[in-house]
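In what follows, a structure is listed as structure tokens, so that the remarks can point back to it.
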Amino acid sequence: MKYYNLKDKTEVVDFKTATIQGQGKEKGLFFPEFIPQFDLEFIENLPQYSDEEIAFRCMKDFVGDEIPFDILKEIVSETINFKIPLKKINENIYSLELFHGPTLAFKDIGARFMSRCLSYFLKDENKKVTVLVATSGDTGGAVSHGFYNAENIDVVILYPKNRVSEVQEQQLTAWGENISALEVDGSFDDCQNLVKQAFSDEEIHSALFLTSANSINVARWLPQQIYYLLALKQWQKFEKENPVICVPSGNFGNICAGILTHFRGLPVEHFIAACNENDVVPNYLKTQKMELKETVATLSNAMDVGNPSNFIRVLELFDHHFEDLKNKITGYSIDDEKTLQTIKEVYLKYNYLLEPHSAVAYTAMEQYLKENQGKKGFILGTAHPVKFPDAVEKAVSIKIDLPESLENLMKKEKKSTEIQPDFAELKRFLLNKN
Ligand SMILES: *Cc1c(COP(=O)(O)O)cnc(C)c1O
Numbered sequence: 001m002k003y004y005n006l007k008d009k010t011e012v013v014d015f016k017t018a019t020i021q022g023q024g025k026e027k028g029l030f031f032p033e034f035i036p037q038f039d040l041e042f043i044e045n046l047p048q049y050s051d052e053e054i055a056f057r058c059m060k061d062f063v064g065d066e067i068p069f070d071i072l073k074e075i076v077s078e079t080i081n082f083k084i085p086l087k088k089i090n091e092n093i094y095s096l097e098l099f100h101g102p103t104l105a106f107k108d109i110g111a112r113f114m115s116r117c118l119s120y121f122l123k124d125e126n127k128k129v130t131v132l133v134a135t136s137g138d139t140g141g142a143v144s145h146g147f148y149n150a151e152n153i154d155v156v157i158l159y160p161k162n163r164v165s166e167v168q169e170q171q172l173t174a175w176g177e178n179i180s181a182l183e184v185d186g187s188f189d190d191c192q193n194l195v196k197q198a199f200s201d202e203e204i205h206s207a208l209f210l211t212s213a214n215s216i217n218v219a220r221w222l223p224q225q226i227y228y229l230l231a232l233k234q235w236q237k238f239e240k241e242n243p244v245i246c247v248p249s250g251n252f253g254n255i256c257a258g259i260l261t262h263f264r265g266l267p268v269e270h271f272i273a274a275c276n277e278n279d280v281v282p283n284y285l286k287t288q289k290m291e292l293k294e295t296v297a298t299l300s301n302a303m304d305v306g307n308p309s310n311f312i313r314v315l316e317l318f319d320h321h322f323e324d325l326k327n328k329i330t331g332y333s334i335d336d337e338k339t340l341q342t343i344k345e346v347y348l349k350y351n352y353l354l355e356p357h358s359a360v361a362y363t364a365m366e367q368y369l370k371e372n373q374g375k376k377g378f379i380l381g382t383a384h385p386v387k388f389p390d391a392v393e394k395a396v397s398i399k400i401d402l403p404e405s406l407e408n409l410m411k412k413e414k415k416s417t418e419i420q421p422d423f424a425e426l427k428r429f430l431l432n433k434n
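All residue numbers for the sequence shown refer to the UniProt record's numbering, where the first residue is 1 and numbers rise by one.
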């Protein structure tokens, strides 16, 4: 598979280059040259295939012969080596629980796949790579865990001070070794802008080999397709109609991977982009106008994104046809008050505990199903409630116990460096790191 740069279609690279570089010239995102189709027989009979086989078939066309099939099989098996159950909340709404991985977030899947591909590609090259990541909460933890102690890879994580939860912060700052956490006195957008600037800085480039592990990297974005297939495999056992899929969205990498599987032949009735008060995309879907805004801090902080970087890939999938896009995706913006109310209602009514991100999705799904009677579907449960205890406990006043794996992590000392949202400070840090 070849990938072209969305900013300059003459820049075409292979999977390895796209994985190592992260992004193309002018900070452009890479996009696959064609959309490989699934066999109809495969899609209609998903329950007959093992999860590992499904994951392998999902990824192999995107990797091609750049990783031998037996190694790719190992990589995808390790990527999904925890349970991803589709749980029924009520008659019409299910939840795909993507939070049983090592950092209790769906981002584990992309991070695990990417770290393994990158390690494979770097093994034979005498090259040290610095993975530079901006996180609004969960990316950093998943990436730190995925890359901890990986040979020839250093990780530098930027996160917005006071805007991530305690568990999230601990998952960013407890590591040390090859992982550095930078606490930025600003918003997630500030972090993302600093990272983007670093990528286009000549001096940094000549000193370090930088790559990203944000969902702009194809090796993090594409494996997110796998769980849409695993969801359909389970869905087909329960339900006949095609599902409506509701994705809590921030940077739009997750939903974009889902839409990609649909373009490859996965039967999906409709997609819902569920956003918090950061409503750039829901507004766009209503007005066809993209008006970027300052980020608003909300309870669902991993979706506090004012300029969703992956949405350009969604537009590309639809060939920039607004009508087609609008017919397939509906956007909703849900505020914090409604989010808390949903956590409470769903807990009391169905004994199912949501956290703020999945509660945004649940609320959007309910609204859509009210406006479109007779349909059913599932939300993507992107994080474990224990990662957001303040919001959850505010809504339902129960105490959530820490899983054992987190208890040890919470005891570790915090290691971070505070910086201002000032590129000169980041640059100094990166250049003095080695
Ligand atoms: C990152 C994240 C999201 C948003 O995913 P995108 O791919 O950026 O749209 C939603 N929920 C949680 C818990 C997250 O960590």
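Quick reminder that beta carbons are idealized off the backbone N, C-alpha and C, glycines included.
Identify, in the order they occur along the chain, each residue of the same chain with its Cβ nearer than 7 Å to the Cβ of residue i, setting aside the five sequence neighbours on each side.
i: P356; result: L299, S300, T339, F388, A391
i: S115; result: G146, F147, A150
i: F423; result: L194, Q197
i: K25; result: N5, K7, D8, E11
i: L409; result: Q170, Q171, A174
i: K328; result: H270, F271
i: Q168; result: G137, D138, G141, K387
Relative to the alpha-carbon of residue i, which residue among the options has its alpha-carbon at the smallest distance?
i: A213; options: L230, G146, P248; result: G146
i: L353; options: K412, E413, N327, I398; result: I398
i: F82; options: S405, L98, I75; result: L98
i: F62; options: K2, S77, G110; result: K2
i: P267; options: Y228, L285, E169, G253; result: Y228
i: N152; options: L210, W175, L182; result: L210
i: K394; options: S309, G377, E345, L402; result: E345
i: A134; options: G101, N283, F199; result: F199
i: K376; options: L426, I245, F38, D422; result: I245
i: Q21; options: K237, L208, Q420; result: L208
i: M59; options: L260, I343, N90; result: L260
i: K27; options: I216, Y350, L348, D14; result: I216
i: K237; options: K88, L406, E202, F38; result: K88
i: K349; options: P32, L40, N90; result: N90
Would you report the Cα separation of residue i and residue j, rounded to the nearest angstrom?
i: E166; j: K414; result: 11 Å
i: D279; j: V156; result: 29 Å
i: E404; j: S358; result: 23 Å
i: E239; j: E11; result: 44 Å
i: G381; j: G137; result: 15 Å
i: G258; j: S249; result: 12 Å
i: N126; j: N432; result: 21 Å
i: S180; j: L325; result: 40 Å
i: V184; j: I67; result: 37 Å
i: V314; j: A302; result: 19 Å
i: V195; j: K233; result: 38 Å
i: I54; j: L230; result: 7 Å
i: K7; j: G331; result: 26 Å
i: H270; j: L29; result: 25 Å
i: M365; j: I93; result: 8 Å
i: G265; j: D51; result: 18 Å
i: L86; j: Y159; result: 31 Å
i: N283; j: I71; result: 43 Å
i: K427; j: I204; result: 7 Å
i: N242; j: V396; result: 33 Å
i: K293; j: Y347; result: 33 Å
i: Y120; j: K161; result: 34 Å
i: T287; j: H321; result: 14 Å
Looking at the strands, I want to know which residues DSSP matches up with residue i.
i: L132; result: V156, S212
i: K88; result: Y94
i: G331; result: A273
i: D8; result: N5
i: S180; result: V156
i: V247; result: A273
i: T382; result: Per DSSP, none; premise fails for T382.
i: G377; result: I93, V244
Skipping 5 residues on each side, what residues in its chain have a beta carbon closer than 6 Å to that of residue i?
i: residue 490; result: Residue 490 lies beyond the range of the chain shown here (1 to 434); nothing can be said about it.
i: A142; result: T103, A105, K107, D108, A111
i: C117; result: T19, A219
i: T173; result: A181, K414, K415, S416
i: V360; result: P248, A274, N276, S300, I334, T339
i: E425; result: I419
i: F69; result: none
i: T363; result: I334, K338, T342
i: S77; result: E52
Keeping to the same chain, check which residues put their C-beta closer than 8 Å to that of residue i; ignore five residues upstream and five downstream.
i: P385; result: L353, L354, E355, V392, I400
i: residue 520; result: This structure cannot settle anything about residue 520, because the visible part of the chain is limited to 1 through 434.
i: T79; result: A55, I109, R112, F113, R116, P223, I226
i: V281; result: S249, F252, A273, C275, P308, F311, G331
i: V129; result: I20, L118, L122, N152, I153, D154, F209, L210, T211
i: Q367; result: Y332
i: N178; result: F147, Y148, N149, A150, I153, D154, V155
Are the C-beta atoms of residue i and some chain C residue less than 9 Å apart?
i: Y120; result: Of the chains in the structure shown, none is chain C; there is only one protein chain.
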